[in-house]
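Notes for the one structure printed next.
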Amino acid sequence: MFARIARAVFGTANDRSLKGYQKRLPEINALEPSIKALDDNALRAKTEEFKGRIAGGESLDKIMPEAFAVCREASRRVLGMRHFDVQLVGGMVLHSGRIAEMRTGEGKTLVATLAVYLSALAGKGVHVVTVNDYLAKRDAEEMSKLYSFLGLTTGVIIPNLSDDERRAAYGADITYGTNNEFGFDYLRDNMKYTLEEMVQRPFYHAIVDEVDSILIDEARTPLIISGPADDSSELYRGVDDVVVQLVKHPEAFEKDEKLRSVILTEQGSDLVEEMLREAGVLHEGGLYDVHNIAVMHHVQQSLRAHTLFARDVEYIVRGGKVIIIDEFTGRMMDGRRYSDGLHQALEAKEHVEIQPENQTLASITFQNYFRLYPKLSGMTGTAMTEADEFAEIYKLDVVEIPTNLPVARKDTDDEVYITAREKFEAVANLIQEVSKSGQPVLVGTTSIEKSEHLSNLLSSKKIPHSVLNARFHEMESQIVAQAGAPGAITIATNMAGRGTDIKLGGNLDMLIRQSLEKIEDEAAHEAEILRLREEISANHGKVKELGGLYVIGTERHESRRIDNQLRGRSGRQGDPGASRFFLSLEDDLMRIYGGERMGAFWTKLGMKEGEAIVHPWLNKALERAQKKVEARNFDMRKNVLKYDDVMNDQRKEVYAQRRDYMAMEDVSGILQELREQSIEEMVHARIPEKSFAEQWESEALETDLHSLLNLNLPIRDWAKEDGMDADLIIQRVEEAAAQAQAARSANIGPTIMRHIEKQVLLTSFDGVWKEHLHALDQLRQGIGLRAYGQRDPLNEYKHEAFQLFTAMLDDMRIRATSTMSRIEVVQQADPFPGFDGHAGFEGQQTIAPNDEGFSAAGLEPRQVGMQPGGAFQAQSPSGAMASELQGFSPETPRNAPCPCGSGKKFKHCHGRLA
Numbered sequence: 001m002f003a004r005i006a007r008a009v010f011g012t013a014n015d016r017s018l019k020g021y022q023k024r025l026p027e028i029n030a031l032e033p034s035i036k037a038l039d040d041n042a043l044r045a046k047t048e049e050f051k052g053r054i055a056g057g058e059s060l061d062k063i064m065p066e067a068f069a070v071c072r073e074a075s076r077r078v079l080g081m082r083h084f085d086v087q088l089v090g091g092m093v094l095h096s097g098r099i100a101e102m103r104t105g106e107g108k109t110l111v112a113t114l115a116v117y118l119s120a121l122a123g124k125g126v127h128v129v130t131v132n133d134y135l136a137k138r139d140a141e142e143m144s145k146l147y148s149f150l151g152l153t154t155g156v157i158i159p160n161l162s163d164d165e166r167r168a169a170y171g172a173d174i175t176y177g178t179n180n181e182f183g184f185d186y187l188r189d190n191m192k193y194t195l196e197e198m199v200q201r202p203f204y205h206a207i208v209d210e211v212d213s214i215l216i217d218e219a220r221t222p223l224i225i226s227g228p229a230d231d232s233s234e235l236y237r238g239v240d241d242v243v244v245q246l247v248k249h250p251e252a253f254e255k256d257e258k259l260r261s262v263i264l265t266e267q268g269s270d271l272v273e274e275m276l277r278e279a280g281v282l283h284e285g286g287l288y289d290v291h292n293i294a295v296m297h298h299v300q301q302s303l304r305a306h307t308l309f310a311r312d313v314e315y316i317v318r319g320g321k322v323i324i325i326d327e328f329t330g331r332m333m334d335g336r337r338y339s340d341g342l343h344q345a346l347e348a349k350e351h352v353e354i355q356p357e358n359q360t361l362a363s364i365t366f367q368n369y370f371r372l373y374p375k376l377s378g379m380t381g382t383a384m385t386e387a388d389e390f391a392e393i394y395k396l397d398v399v400e401i402p403t404n405l406p407v408a409r410k411d412t413d414d415e416v417y418i419t420a421r422e423k424f425e426a427v428a429n430l431i432q433e434v435s436k437s438g439q440p441v442l443v444g445t446t447s448i449e450k451s452e453h454l455s456n457l458l459s460s461k462k463i464p465h466s467v468l469n470a471r472f473h474e475m476e477s478q479i480v481a482q483a484g485a486p487g488a489i490t491i492a493t494n495m496a497g498r499g500t501d502i503k504l505g506g507n508l509d510m511l512i513r514q515s516l517e518k519i520e521d522e523a524a525h526e527a528e529i530l531r532l533r534e535e536i537s538a539n540h541g542k543v544k545e546l547g548g549l550y551v552i553g554t555e556r557h558e559s560r561r562i563d564n565q566l567r568g569r570s571g572r573q574g575d576p577g578a579s580r581f582f583l584s585l586e587d588d589l590m591r592i593y594g595g596e597r598m599g600a601f602w603t604k605l606g607m608k609e610g611e612a613i614v615h616p617w618l619n620k621a622l623e624r625a626q627k628k629v630e631a632r633n634f635d636m637r638k639n640v641l642k643y644d645d646v647m648n649d650q651r652k653e654v655y656a657q658r659r660d661y662m663a664m665e666d667v668s669g670i671l672q673e674l675r676e677q678s679i680e681e682m683v684h685a686r687i688p689e690k691s692f693a694e695q696w697e698s699e700a701l702e703t704d705l706h707s708l709l710n711l712n713l714p715i716r717d718w719a720k721e722d723g724m725d726a727d728l729i730i731q732r733v734e735e736a737a738a739q740a741q742a743a744r745s746a747n748i749g750p751t752i753m754r755h756i757e758k759q760v761l762l763t764s765f766d767g768v769w770k771e772h773l774h775a776l777d778q779l780r781q782g783i784g785l786r787a788y789g790q791r792d793p794l795n796e797y798k799h800e801a802f803q804l805f806t807a808m809l810d811d812m813r814i815r816a817t818s819t820m821s822r823i824e825v826v827q828q829a830d831p832f833p834g835f836d837g838h839a840g841f842e843g844q845q846t847i848a849p850n851d852e853g854f855s856a857a858g859l860e861p862r863q864v865g866m867q868p869g870g871a872f873q874a875q876s877p878s879g880a881m882a883s884e885l886q887g888f889s890p891e892t893p894r895n896a897p898c899p900c901g902s903g904k905k906f907k908h909c910h911g912r913l914a
């Protein structure tokens, strides 16, 4: 009650934010006459003027009103579109590093130009992130006209570009691209061997279009670059044959559709063990024995493939390949693969060729990738329902921007039927009734299977229609763009075509583009454009009279955003429209979260076949159910992020240290420190403190040092000398190793040796980082079981990840030292054939969410790679790392007293490697 009164008196937080932005509107609008009076050259010159003022110390905030006024005027001249006041507010929200929620059709692409232009003036590069390649190319092509008019350059990142092309695109003032391309370029850059090979600049400002799709929906799927692992396709086939029989026994497993999990029962474990033995898959021991853990994992993944993943819902089979279907858009995700053996299990299930498994070489979640940008903002039509997640994960506030014109769409209460058959029959009848008048209809379905079922139903009634599911983005956009034409009936899987306006009467720009491809004569061009304009104008008036676009939802999604996105396709810019959702008790949301109680309630009502229940209370009940599911999904994403944050601390330090090493001309001092520290640890391990020579493990130490340094050192003879102790042994070993290295360097030559040293250092880091990622993957899979021992799995993971990281650094020191001690001159054209930066594997990009990851293949061959971890001082088991080399000076000798005055040698103090 009090909150309601406070909102009435003071307004909501959103209202207060809007007032702050709206106060600056008169300042921008007052500049319009003077800016309008400038000719094109004078208007263009404003860009250089702004850059000069920024270089002189003026802030972007101070320049903003003038920059917005200039951008609006340039847009009017070049694009024929003048920003509305609400669009100026949207631009201010983006500039302030927030999310602008703007309804569909409010011109978000145009809004972005304001913030993009302003940030681009700083000269640090602005990234505009879109949901697919088609939109990246389209927006870059259309908006580059505006930016180039104002003297700014535009680049676009799409698949299959060379590194040089990517570097040029990132070097532009404004760069368009998809979240996947930006993320993978970041990972690939951190697998390069020279700074010159890297393509990205330091991050500055990212503006994310359809921010809810990218930062929420796709954030469950980390980006992973992976290389091939061992082939176990025969094992997958053998296990699949067994699981096919196993699923015929419902008592053998328990399935939880809410949690998307399936586990074997005790009876099922005994049964599958017996079946595996009969099939010759399990040779000795029980299913849960350590040496059969791989078989158990394959059984689990195969069981998931057969019970939780349905063909034409989660995936389709095309061209002998299993292709994932995006649950939010219904698009094919060609090239992406589930991780952890799940995709191979699906391939075995569908009897197609089983592709090899992959091993992670580099990975990052979208949450942690986008948090690398000092400034992040976004725009979408649906963000308020996820405002808490944006605030907690990304520190992004959501501001709801009012529409330019009032919304005239009529949203009808949901109709709920007992069976899916009755529901689809009712949908088909409504489509038939609405389409008689010529009113366009857009129908949203949740899967390919259901869209095809509805399509067959309409075909049987001889109702002409278009179906959109898993097609190319270009074709998809063309069909969706014409979904507002008179009489158009379009069935779209979820939000296919998102990012493309559905205009009443048809999309003029898209029609012109399609028509002019077939006409070569210029005069005919003009005549065709005039004809199309008249046709679209007439159709627009006709459709408005009929009530606008009618949107029909055939099922409620787990997330309210997806429903709102579908509903929002109708009623753009004050146009009329209508929407209605049809549900049944057999729908996933109703079945899983409503359960048997709702079915019993329907029975008590005495509902007959074909009857529907319609009531506002039902809508509120469904909304509450969706809120619960959204909260549960948020908790799951947050939990995944907590674990990834541990790795992220390590990743950031590793990548930063690796860049430092690449920037160094000479890393010999680093390698010397690694060598000396390795020698110290090795000697102390074999010569206990305050021990007598007779207690030393001299022979073992000789073996260890030969393995490390490739030197035969007389440790046993030295041990017999009077006064010999561990420190003297270390000194002699270090001197012998230094002499051997100096001789090797003199033989090879200093220039080549500097190149070799850097390559050895980076490659050693790459190798141990790759193994460390694999170890963390293995640790993550089983860490949840610690909860049974009353221990917090997250704290356990942090502690053990820290220990693994320390072990990784120890392994790196040994590996780099051992490799350097075995370098030999080989008479070849390439002075260093073993380290050419390529290992000849077919890199794959994998995306792996909580328990199902995806992978996108098709990278050019690149270096196998771990990112070097360098010299870190680990501060606590939480995984927080701090570089100890920040004060390192090449002029300070390693064995000289530390400049800090501690009295220790520099190598043991501020020059110490962890």
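So in full-length UniProt numbering, the last one in the sequence shown is 914, and the numbering has no gaps at all. C-beta atoms are modelled at their ideal positions from N, C-alpha and C, and glycine is treated no differently.
Quick check on DSSP: helix, strand or coil for residue i?
| i | result |
| --- | --- |
| methionine 332 | strand |
| leucine 442 | strand |
| leucine 282 | coil |
| lysine 19 | helix |
| aspartate 326 | coil |
| alanine 663 | helix |
| alanine 656 | helix |
| alanine 816 | helix |
| alanine 485 | coil |
Find the nearest neighbour of residue i within the set the options, judged by alpha-carbon distance.
| i | options | result |
| --- | --- | --- |
| glutamine 573 | Gln245, Leu25 and Thr403 | Thr403 |
| phenylalanine 50 | Ala685, Gly285, Leu150 and Tyr338 | Leu150 |
| serine 226 | Arg337, Glu392 and Thr806 | Arg337 |
| isoleucine 715 | Ile729, Leu709, Asp722 and Leu708 | Ile729 |
| isoleucine 207 | Thr493, Met92 and Val239 | Met92 |
| aspartate 39 | Asp15, Leu457 and Val70 | Val70 |
| proline 65 | Gln695, Val262 and Arg24 | Arg24 |
Output the distance between the C-alpha atoms of residue i and residue j, rounded to the nearest integer angstrom.
| i | j | result |
| --- | --- | --- |
| leucine 372 | methionine 590 | 40 Å |
| alanine 362 | leucine 118 | 34 Å |
| alanine 737 | leucine 342 | 49 Å |
| alanine 420 | lysine 349 | 28 Å |
| lysine 248 | glycine 285 | 25 Å |
| valine 768 | arginine 167 | 28 Å |
| serine 377 | alanine 621 | 33 Å |
| valine 654 | arginine 744 | 29 Å |
| isoleucine 613 | arginine 409 | 22 Å |
| alanine 787 | proline 793 | 6 Å |
| alanine 426 | asparagine 14 | 40 Å |
| aspartate 85 | alanine 625 | 37 Å |
| valine 211 | glutamate 386 | 11 Å |
Check the DSSP bridge columns for residue i and list the partner residues they point to.
| i | result |
| --- | --- |
| glutamate 254 | Ile263 |
| glutamate 400 | Glu101 |
| arginine 318 | Lys321 |
| methionine 379 | Ala100 and Asp209 |
| residue 917 | Nothing can be reported for residue 917: it is not among the residues displayed for the chain, which extend from 1 to 914. |
| glutamate 415 | Phe582 |
| residue 963 | Residue numbering for the chain in the displayed model covers 1 to 914; residue 963 lies beyond these limits and cannot be assessed. |
| methionine 613 | Reading the sequence as shown, one finds isoleucine at residue 613 and not methionine. DSSP output for isoleucine 613 lists Val416 as bridge partner(s). |
| lysine 410 | Ala578 |
Sequence ranges, beta strand (DSSP E) only - wholly within the segment 515-594, length at least 3: 549-553 and 576-584
Which runs of the beta strand (DSSP E) at least 3 residues long sit entirely within the UniProt domain "Helicase ATP-binding" (89-247)? Give them in chain order. 99-101, 126-130, 154-157, 174-178, 205-209 and 223-228
Which residue spans inside the segment 683-761 form an unbroken alpha helix (DSSP H) run of at least 4? 698-709, 715-719 and 726-748
Only counting runs of 4 or more residues, tell me where the alpha helix (DSSP H) segments fall wholly within the segment 12-75, in order along the chain. DSSP assignment within the segment 12-75 yields the following whole alpha helix (DSSP H) runs of 4 residues or more, N-terminal first: 13-22, 25-36 and 40-55.
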